[in-house]
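Mapped onto numbering that gives the first Met the number 0, the consecutive letters of the sequence shown carry residue numbers 0 to 500.
Glycine is no exception: its CB is placed at the ideal position from the N, C-alpha and C atoms.
Okay, so here's the structure we're looking at.
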Amino acid sequence: MVQVKFIYNTVDMENWQITIANILQEGAPIMNFTKFTSGIVIIIVFVVIGVVVSSLFKNVAQQNTTKTMTSSKEEHPNYPEIQVITEKANGKLYSVGLRYPQFDHKELNKEVNAFVDTAKKDFFHDVEENKKLFKHQEATLSVSSDTQKFMDDMYSVVLRKKSSVKGEKNEDVQAIFLMDNKNHTYIKQTDILQDTEEMRDALFHLLQQAFLQSGKYKESFSSEALEKWVNEKNNDFSNMYLSEQSAVFSFTDKKIIDKEANISIPLTDMQDILTDAWKAKVSSANLAGEETKSNKKQREKQVKHDTVGKGKAARAGEKRVALTFDDGPHPENTPKVLELLKQYDAKATFFMQGDQVEPNAHIAKRVRDEGHEIGNHTWSHKRLTDLNAKEIKQEVEKANKAVQKVTGETPTLFRPPYARTNDTIEQIAGLPTILWSVDTRDWESRDPVAILSEVQSGTTDGAILLMHDVHAPTVEGLKLVLDYLDGEGYEFVTVSEIRKG
0 MVQVKFIYNT
10 VDMENWQITI
20 ANILQEGAPI
30 MNFTKFTSGI
40 VIIIVFVVIG
50 VVVSSLFKNV
60 AQQNTTKTMT
70 SSKEEHPNYP
80 EIQVITEKAN
90 GKLYSVGLRY
100 PQFDHKELNK
110 EVNAFVDTAK
120 KDFFHDVEEN
130 KKLFKHQEAT
140 LSVSSDTQKF
150 MDDMYSVVLR
160 KKSSVKGEKN
170 EDVQAIFLMD
180 NKNHTYIKQT
190 DILQDTEEMR
200 DALFHLLQQA
210 FLQSGKYKES
220 FSSEALEKWV
230 NEKNNDFSNM
240 YLSEQSAVFS
250 FTDKKIIDKE
260 ANISIPLTDM
270 QDILTDAWKA
280 KVSSANLAGE
290 ETKSNKKQRE
300 KQVKHDTVGK
310 GKAARAGEKR
320 VALTFDDGPH
330 PENTPKVLEL
340 LKQYDAKATF
350 FMQGDQVEPN
360 AHIAKRVRDE
370 GHEIGNHTWS
380 HKRLTDLNAK
390 EIKQEVEKAN
400 KAVQKVTGET
410 PTLFRPPYAR
420 TNDTIEQIAG
430 LPTILWSVDT
440 RDWESRDPVA
450 ILSEVQSGTT
460 DGAILLMHDV
470 HAPTVEGLKL
480 VLDYLDGEGY
490 EFVTVSEIRK
500 G
């Protein structure tokens, strides 16, 4: 007979320590078992302890990778009949920003909500699986949305999920929904397009022509791959959405084009490939250019943005945006910003701080050499409204001289620090005063996803965006912003180009 003495001490919930002592073959005779029975008991005890330990560590992991979302709801800026949900969460390992529409009728929200819920579930699972591979907020998730009204009570909703989990994967997923708000139903693209060989052949030629006529895409698409895609038997054309007067095909397949492309075809050119029901709809007054209240509101908003940015509307038929960067040049971050801008063939305006120009002369020259615009952001970033006329003049002129000495060019635009200005300041500066229409608040949040969220909620055609190239998180945020705006069809231009119209 073997005497076994068990003393199961404590489970320390705070320090996650489990101590077991005195599993002895000699000691006080508590229980008498056969060798076989005692072995089973020992195994059972260790199994139970293992389950407890596993559970405790699982709880710790969940606390590291789970955080309550903050959620807010607001009226859509262009369509007051739609609400927009914004969700944010920031943990030690991750940053999350989600923005998506909600309709009055729950049926129309099911697929949108399912997309968002799946995005969150998959993301947090990936963070949990890979948390040992990164240290601080190296995992990001964003869901953006673009909603367009193309007919009375009919909308296109484009959802875009971008997630990055270091060491595991980077995802860029798009989902398109066409909604009939009046009948509370989803519209399938196959309800709009005929399904015949003639239709597919005609659609291929329309898309091919649009690619070839596009200066942005004509050199980088494959006509052969496009034709093969159009004629795929199971192609449901789920990458197509409708705008007010066009059908837009969103291409993300690298086989067709090596970068993302949105190809727009006027609905009037598609009459021969539409179903009879949709031919009638396209011929209606709503798609013939009748102005709706939502259109008016959108135009009024554009005028407001142009006024704030002191600019003019962009040329008809184009969407343009001006990216601006304050307080640089910075020895580490500005070169990274320039590399990202180059990747997207983007031009920007840098409002340089005079006392930073000469110490970073090679960077200031690079900004000039790469075709970007340089503006005056004073010599030392003082609040000009607190200075007298002589001091204001000194702040402006010293900055102008520093830029001219290093780059050979004198700034033609002026941005006062903290947007503090008045008639006296603008008269002394002697240059157009440029503020902004979208403040990314990168200086406040230091959060790439939060930066993107500000851009998504505020950017319209002709907008001027404020960022700061002295903050490292802005570099990460800029990549998200460039990717998002490029996907939305924006061209990146200088402030002066926005002002010229």
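Supposed contact pair residue j and residue i - C-beta distance, whole angstroms, cut 8 angstroms
i    : j    : result
E369 : K335 : Not really, about 13 angstroms apart at Cβ, beyond 8 angstroms.
H467 : D325 : 5 angstroms
V115 : L97  : 6 angstroms
L464 : V437 : 5 angstroms
Y216 : I256 : 6 angstroms
T432 : P410 : So it is not a contact: roughly 12 angstroms between Cβ atoms.
K161 : L479 : 7 angstroms
Q207 : S222 : 6 angstroms
V494 : A321 : 5 angstroms
T69  : A88  : 7 angstroms
F250 : E226 : Contact doesn't hold; Cβ gap of about 13 angstroms is too wide.
L211 : F149 : So it is not a contact: roughly 26 angstroms between Cβ atoms.
N233 : R199 : Contact flag wrong, Cβ pair sits at about 13 angstroms.
Terminal residues of the beta strand (DSSP E) in which residue i lies
i    : result
F491 : E490 to V492
T139 : A138 to M150
F88  : Checking the sequence shown, residue 88 turns out to be Ala, not Phe. Its beta strand (DSSP E) spans residues Q82 to N89.
G96  : Y93 to Q101
T69  : T69 to E74
S242 : Note, S242: premise wrong, no beta strand (DSSP E); not H, not E.
Y154 : M153 to V164
P265 : A260 to P265
N375 : E372 to N375
Continuous alpha helix (DSSP H) stretch holding residue i: start and end
i    : result
V469 : From DSSP, V469 is part of no alpha helix (DSSP H); its letter is neither H nor E.
A428 : D422 to A428
T333 : N332 to Q342
T323 : That residue, T323, is in no alpha helix (DSSP H); its beta strand (DSSP E) goes R319 to D325.
Q208 : E196 to Q212
R365 : A360 to D368
E128 : K109 to N129
K278 : D275 to V281
T348 : First-last for T348: T348 to M351, but that is the beta strand (DSSP E), not the alpha helix (DSSP H).
P447 : P447 to G457
S444 : D441 to S444
T189 : Q188 to I191
Contact check, residue i vs residue j, beta carbons under 8 angstroms
i    : j    : result
T473 : I450 : yes
A279 : I264 : no
V157 : Q173 : yes
N112 : I175 : no
I362 : I391 : no
V448 : V95  : yes
V405 : E357 : yes
L386 : L412 : no
N332 : V469 : yes
E490 : R382 : no
V235 : T267 : The sequence shown places Asp at residue 235, rather than the Val named in the question. Not closer than 8 angstroms, so no.
W228 : D252 : yes
E453 : R445 : no
E338 : R367 : no
K364 : W378 : no
K258 : A224 : no
N261 : G488 : yes
Y185 : E86  : no
F122 : L107 : no
A138 : V164 : yes
T420 : A388 : no
Check: residue i C-beta below 7 angstroms from any heavy atom of the ligand NAP
i    : result
S452 : The ligand content of the structure shown is nil, which means the ligand NAP is not present either.
Within-8 angstroms CB hit, residue i to chain C
i    : result
H470 : The structure shown contains no chain C; it holds only a single protein chain.
Do three or more CB pairs link the region 194-210 to the region 169-181 at distances below 8 angstroms?
no
Contact between the region 371-382 and the region 347-362 (3+ Cβ pairs under 8 angstroms)
yes
Between the region 97-109 and the region 138-148, do three or more beta carbon pairs fall short of 8 angstroms?
yes
Contact the region 480-498 vs the region 450-459: 3+ CB pairs below 8 angstroms:
yes
Mind listing, in chain order, the continuous alpha helix (DSSP H) runs of no fewer than 4 residues lying wholly within the region 382-418?
388-406
Starting from the N-terminal side, write out each stretch of the beta strand (DSSP E) that is 3 residues or longer and does not extend beyond the region 216-240.
none
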